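Working notes for the structure below.
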Amino acid sequence: MSRAGEFELIRRYFAPLARGFPGADGLRSDNAIFAADGRRDLVVKTDTIVAGVHFLADETPQRIAEKALRVCLSDLAAGGAHPVAYQLALALPGSLNERWVAAFARALAADQRRYKILLSGGDTVRTPGPLSITVTAVGQVARGRALLRSGARAGDQLWVTGTIGDAALGLRVATDQLKPPTDEARFLEDRFRRPRPRTALGPQLIGIAHAAADVSDGLLADVGHVANASGLRVTMDRELVPLSRPARRAVQRLPGLWSTVLAGGDDYELVLAVPPRREAALLKAARAVRLLVTRIGRFDRGRGVELRSGGRKLAIERTGWDHFPGK
30 MSRAGEFELI
40 RRYFAPLARG
50 FPGADGLRSD
60 NAIFAADGRR
70 DLVVKTDTIV
80 AGVHFLADET
90 PQRIAEKALR
100 VCLSDLAAGG
110 AHPVAYQLAL
120 ALPGSLNERW
130 VAAFARALAA
140 DQRRYKILLS
150 GGDTVRTPGP
160 LSITVTAVGQ
170 VARGRALLRS
180 GARAGDQLWV
190 TGTIGDAALG
200 LRVATDQLKP
210 PTDEARFLED
220 RFRRPRPRTA
230 LGPQLIGIAH
240 AAADVSDGLL
250 ADVGHVANAS
260 GLRVTMDREL
270 VPLSRPARRA
280 VQRLPGLWST
290 VLAGGDDYEL
300 VLAVPPRREA
310 ALLKAARAVR
320 LLVTRIGRFD
330 RGRGVELRSG
340 GRKLAIERTG
350 WDHFPGK
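Numbering (my numbering), first residue to last: 30 to 356.
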C-alpha cells in the first residue's frame, strides 16, 4: 500500500469501477452527483475520520462530532450544494461509555441546528479500536449546476476563501511542536480542532465559479487536484496567500513553516476557479456572507502546479497530505 500514492491508487484501481456513471466524474471530484428530479440534483459525499490520524486520540467527543460532520459539509459547499441530510457510521471501541456517546450526540444536534441538516440513518458497531467515524452527507443543487474540480478553464483566476495554514500550525501547537504566544496559540489550535465549512458561500458560487474544491489535504495539493482534473496548469503566488496574524507571525519567526502552511491541510477553506469577468460577482457574494476571498493565482494551458514568490519560481518540497505516500 506504500508504493502508490492515495490518488494513484484511486486512479488505477477504483476509477475504472466508476465508468458508466457520469455523476462520479471519473472519481476526479470529491462529490458524486445524482439526478433527484427535473429541477434538482443531489450532491453526495462520504468522509471517514480516525482517531490518531484525523484528530488527536484524547480529543473531546464534542470536537470529534463537529469535525466528523463539518469536513463532509465542506465538500458540499465546494459543490455549491445546500445541506439536507447525513448518514452516520460509528465504529466505537469498548472503552467508550454512554456518557461519551451522549456528549457526541449533543454536539451533533447543535451542528444540525447550525447547518440545517438532519440525520437520516447509519450504522453502529463495536471495534477493538481505534475510534472511526464515517459520515455521508447529502446536499441539493439546481439540476446540472453542481461545481466539480474538473470545470476550470484556461484564463480563470485562482481564488481562496478565509486564511490558510492556521489548522496545520494549530496541530503543531496542540502537539507541543510550536509555542507561539498564548493568544496566538489559542487561535491556531481552535482552527485545528474546529473546522468552519463555508456553507454560506458555497451555494452562492453557482454561476460564478467554474470549479471548486475544499482545502483538506493542503493548499498546494488541492489546487493541484483542480488543475489536474481540469487538464490545466496553475501558477500560484506565495505572497498573495492570505494568512491570519498568528500564522504570519509564525512564518516570520520560522520561515521553514511555509511548507506547513501551504501543505499542512485541514483548512476547510474553498479554492475556486473564477473567470475574470465574474470577479465582481464573487466579491459581492463573499461580502454578503462576511467572508474574505483572495486572488492568489491563475489557471493556464499546460499541466502541473507552479509556486512563485517575488517573481521567482520556488521548489515545492511537498504538496499535502497523502494516506499512502509513494516511495
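Think of the CB as a built atom: it goes at the ideal place given N, C-alpha and C, for glycine as much as any other residue. These numbers come from a predicted model, not from an experiment.
Residue 309 sits away from residue 227, with the two beta carbons spaced by 7 Å or more. At the C-beta level, residue 103 and residue 177 stay beyond 7 Å of one another.
Going by DSSP, residue 199 is part of no beta strand (DSSP E) but of the alpha helix (DSSP H) stretching over 195 to 203. When C-alpha distances from residue 52 are compared across 70, 133 and 186, the shortest belongs to 70. Under the three-state reduction of DSSP output, residue 297 falls in the coil class, being neither helix nor strand.
Where residue 144 is concerned, the enclosing alpha helix (DSSP H) starts and stops at 127 to 144. Between residue 273 and residue 205, the CB-CB gap reaches or exceeds 7 Å. The beta carbon of residue 101 sits closer than 8 Å to those of 74, 75, 76, 115, 164, 165 and 166, all from its chain and outside the five residues before and after it, given in chain order. Per the C-alpha coordinates, the member of 287, 320 and 129 positioned closest to residue 87 is 129.
Nearest to residue 257 by alpha-carbon distance, out of 296, 48, 335 and 84, is 335. In the three-state reduction of the DSSP assignment, residue 259 falls in the helix class, which pools H, G and I. Nearest C-alpha to residue 329 among 187, 212, 95 and 135: 187. Taking C-beta separations shorter than 8 Å and ignoring five residues to either side along the sequence, the partners of residue 287 in its chain run 267 and 280, following chain order. Here residue 239 carries a coil assignment [DSSP, helix/strand/coil]. Annotation: residue 278 to residue 302 spans about 29 Å, alpha carbon to alpha carbon. Residue nearest to residue 89 within the set 141, 134 and 265 is 134 (criterion: CA-CA distance). Rounded to whole angstroms, residue 171 and residue 68 show a C-alpha spacing of 6 Å. Assigned with DSSP and collapsed to three states, residue 234 falls in helix.
When DSSP assignments are scanned along the segment 41 to 102, the uninterrupted stretches of beta strand (DSSP E) that are 3 or more residues long and fall wholly within it turn out to be 61 to 64 and 69 to 79.
In the structure shown, residue 275 adopts helical secondary structure according to DSSP, grouped into three states. By the neighbour-count definition (other C-beta atoms within 10 Å, threshold 16), residue 222 is a buried residue. Excluding its 5 nearest sequence neighbours in each direction, residue 132 has C-beta neighbours in its own chain below 7 Å: 90 and 91, listed in chain order.
Residue 208 is classed as exposed because its beta carbon has fewer than 16 other beta carbons within 10 Å across all chains shown. Distances from the alpha-carbon of residue 232 to those of 169, 173, 211 and 213 put 169 closest. Looking at the backbone, the Cα of residue 247 and that of residue 119 are separated by about 26 Å. Runs of beta strand (DSSP E) with 3 or more residues, each lying fully within the segment 296 to 346, are found at 299 to 303, 322 to 330, 333 to 338 and 341 to 343, listed in chain order. In the DSSP assignment, residue 155 falls within the unbroken beta strand (DSSP E) covering 147 to 156.
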